[in-house]
Amino acid sequence: MQQRPQVLARASEGDADSFAVLIEPLLDPAYRLAAVMLTDRSAAEDAVQEASIKAWRKLGQLRGELGSLRSWFLSIVANECRMARRQRWWSVVKLSDPRPQETNEWAEQASSSDLKSALMRLNPDERLPLVLHFYLDLPLEEVARTLGVSSSAAKSRIYRTAKKLRADLTLEELF
Amino acid sequence: MSKEDFRRDLNNAIDSITGAPSPALRDRVRSSLRESSEPRRYFWLAGVATAVMAAVVVGIFFVINSNRPGFISAGGPSPSPSASPLTSPSPSPSASPSPAQAFMCTATTVPVQSPAQPIAYVDAIRAAGHPGYDRIVIEFSNGLPEIIELRPQVGATFTQGGSGQPVTLQGKNGLLISMRLQNKSGADAHTQYSGPRDIKTGLPGLVEVRIVEDFEGHVQIALGINGPACYATTVMANPTRLVIDIQAS
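If you read the protein sequences in the order shown, they are chains U and D.
Quick note: the first sequence uses my numbering, first residue 26, plus one each step.
Quick note: the second sequence uses my numbering, first residue 27, plus one each step.
Spelled out as structure tokens, the structure:
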């Protein structure tokens, strides 16, 4: 198996396949992050795809720091999701088969539990630190890098948002 | 409640929201990375080639259209491709500097391989604003239409299919997208369609989208455009969709 630094070096020289090898393990978490932020699975995949291209074009910004790859890539995905939400997309209904619209599907899922409902009521940027820390298991420092804030600010955001979901949570219980 | 309880409940909730990514995502990403790597590797060569091609084609373009009152000029930044194209038209690049896609201002037929399925359905339509262009995406299920034609025009007045009455959209210019959704099987695709037929997008360039014909598998979608009716098209896979970028004025 090739060493990741070598793969990164080849990617930096312009080898797209090497870059694909580097980010493939991150596509699943990136998709889940995007799906939570956009609440639309198809849009989430589009966002990950766009983010991958942008990451490829901006690979120089990583400055060869493989340890930062995950947070760097996820921050690009998060930005792509923000852009996707800012754009005023409208969608015309399904026509050809009885497959339910995803938004309805999501709404039904959301109503199935209080926590889901509460989660869906949060704005996407509030969901982001929760997903990064609790769902994708990123340590606080990496959450902070992804959000572009200090570790204490990241911790504060996680706590504040978690309290919106479970009012009885204390800081000690969370960290 | 402990951290672990909270984490478990939260993860269950998120799991049920996200589901798993489609198996095709990995290939989509890999394919789009390969495509986007070509200009990166051969950027200078593509730039020179594009400049030469643009000069030649613009010259031809002006000669052909010099007597045409409805001629609309081209030029502007290029959109970025976002997925693996199945096919793409062979546009006559106008003054656009883009090596990957060029805006064109003349009628074109999007080359489509023979559809495997007898009927393609319009599945969804989306539009969004981007820097330098507005994008409309027409998503199909059951494969691509048999024929896709695009015809730009001066003014935003189109003919309503069936009644033959003129219908005027918002905007100064227009683009008519004509699609034959079915092949010669005789099946009628139009009855599947039940979505909104006239949508004001609120976008700066692409201001209105209206279905002006939907009969026996022939669908025409008219676009009202503020600015030149210059566009770039791409056909993409997973899901199958026609992407049309309208150049910003």
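Ideal placement from N, C-alpha and C gives every residue a C-beta, glycine not left out.
Keep in mind that this is a model prediction, so the values were computed, not measured.
Can you find a C-beta in chain U that's less than 9 Å from the C-beta of residue i?
| i | result |
| --- | --- |
| D:ARG236 | no |
| D:SER58 | yes |
| D:VAL138 | no |
| D:PRO254 | no |
| D:LEU51 | yes |
| D:LEU36 | yes |
| D:LYS198 | no |
| D:ALA39 | yes |
| D:ARG94 | Here D:ARG94 scores only 41 on pLDDT, less than 50, and its place in the model is too uncertain to base an answer on. |
| D:SER275 | no |
| D:PRO265 | yes |
| D:SER189 | no |
| D:PRO105 | Low per-residue confidence applies at D:PRO105: pLDDT is 39, beneath 50, and the placement is therefore not dependable, though the value from the model is reported in the following sentence. So, not an interface residue. |
Check the Cβ of residue i against every Cβ in chain U and list those closer than 7 Å, keeping chain order.
| i | result |
| --- | --- |
| D:ARG33 | PHE159 |
| D:SER48 | GLU70 |
| D:SER204 | Per Cβ cutoff of 7 Å: no residues; D:SER204 is ~18 Å from chain U at best. |
Could you check whether the Cβ of residue i sits closer than 9 Å to any Cβ belonging to chain D?
| i | result |
| --- | --- |
| U:ARG113 | Reliability fails at U:ARG113, whose pLDDT of 44 lies under 50, so the model's placement of it is uncertain and no value is given. |
| U:LYS141 | yes |
| U:GLY39 | yes |
| U:SER177 | no |
| U:PHE98 | no |
| U:GLU198 | yes |
| U:ALA45 | yes |
| U:LEU91 | no |
| U:VAL156 | yes |
| U:ARG88 | no |
| U:ARG29 | no |
| U:ARG82 | yes |
| U:ASP42 | yes |
Can you pull the chain D residues whose beta carbon is under 8 Å from the beta carbon of residue i, in chain order?
| i | result |
| --- | --- |
| U:SER77 | VAL55, SER58 and LEU59 |
| U:ARG185 | Within 8 Å Cβ-Cβ: nothing; U:ARG185 doesn't reach chain D, min ~14 Å. |
| U:ALA169 | None at all; the shortest Cβ gap to chain D is about 18 Å. |
| U:LEU52 | PRO47, LEU51, ARG52 and VAL55 |
| U:LEU144 | LEU36, ALA39, ILE40 and ILE43 |
With 16 other CB atoms within 10 Å as the buried threshold, where does residue i fall?
| i | result |
| --- | --- |
| D:LYS226 | exposed |
| D:GLU239 | buried |
| U:ASN148 | exposed |
| D:ASN252 | buried |
| U:LEU94 | buried |
| D:ALA274 | buried |
| U:GLN28 | exposed |
| D:THR259 | buried |
| D:ALA81 | exposed |
| U:ASP196 | Asp is not the amino acid found at residue 196 of chain U; the sequence shown has Leu there. Counting Cβ neighbours within 10 Å, U:LEU196 comes out exposed, since fewer than 16 surround it. |
| U:LYS83 | exposed |
| D:THR266 | buried |
| U:LEU91 | exposed |
| D:PHE166 | buried |
| U:GLN86 | exposed |
| U:PRO54 | buried |
| D:SER63 | buried |
| U:ASP71 | buried |
| D:ARG56 | buried |
Please return the same chain residues whose Cβ sits closer than 7 Å to the Cβ of residue i, not counting the five positions on each side in sequence.
| i | result |
| --- | --- |
| U:SER176 | LEU165, GLU166 and ALA169 |
| U:LEU52 | VAL73 |
| U:GLU146 | In the sequence on display, residue 146 of chain U carries Arg and not Glu. Within the same chain, U:ARG146 has no close Cβ partners at all. |
| D:ALA255 | ILE98, CYS131, PRO178, GLN179, ASN199, GLY200 and LEU201 |
| U:LEU190 | LEU140, ALA143 and LEU144 |
| D:ALA248 | PHE184, LEU195, GLY200, LEU202, ARG236 and VAL238 |
What does residue i reach in chain U if we use C-beta pairs closer than 8 Å?
| i | result |
| --- | --- |
| D:THR44 | TYR56, ARG57, ALA60, VAL61, ARG66 and ALA69 |
| D:SER28 | GLU198 |
Quick one: residues in its chain with C-beta nearer than 6 Å to the C-beta of residue i, no 5 flanking neighbours on either side, listed in chain order?
| i | result |
| --- | --- |
| U:LEU155 | THR186 |
| U:GLU151 | THR186 |
| U:TRP81 | PHE44 |
| D:ILE151 | ILE164 |
| D:ASP160 | LEU229, GLY231, LEU232 and ILE272 |
| D:LEU170 | VAL138, PRO141, ALA146 and THR266 |
| D:ALA154 | ARG161 |
| U:TYR160 | none |
Who are the near neighbours of residue i in its chain, counting only those whose CB is closer than 8 Å to its CB and skipping five residues on each side?
| i | result |
| --- | --- |
| D:THR185 | GLN191, PRO192, VAL193 and VAL238 |
| U:ARG113 | Unreliable positioning characterises U:ARG113 in this predicted model, as indicated by a pLDDT of 44, which lies under 50. The coordinate reading is nonetheless provided below. If we look at U:ARG113 and ignore the five residues flanking it on each side, it has no Cβ neighbours. |
Name the chain D residues that come within less than 9 Å of residue i, Cβ to Cβ?
| i | result |
| --- | --- |
| U:GLU49 | ARG52, VAL55 and ARG56 |
Can residue i be considered in contact with the ligand PLP, in the sense that its beta carbon sits closer than 8 Å to one or more heavy atoms?
| i | result |
| --- | --- |
| U:PRO154 | With respect to the ligand PLP, the structure offers nothing, as it holds no ligand at all. |
### Message
Please give me, in chain order, every unbroken run of the beta strand (DSSP E) with length at least 3 that falls completely inside the segment 159-242 of chain D.
### Response
The qualifying runs are 159-167, 173-180, 183-185, 192-194, 199-206, 224-226 and 232-241.
### Message
Which runs of the beta strand (DSSP E) at least 3 residues long sit entirely within the segment 82-107 of chain U? Give them in chain order.
### Response
Every candidate beta strand (DSSP E) stretch fails here, since none sits fully inside the segment 82-107 of chain U while reaching 3 residues.
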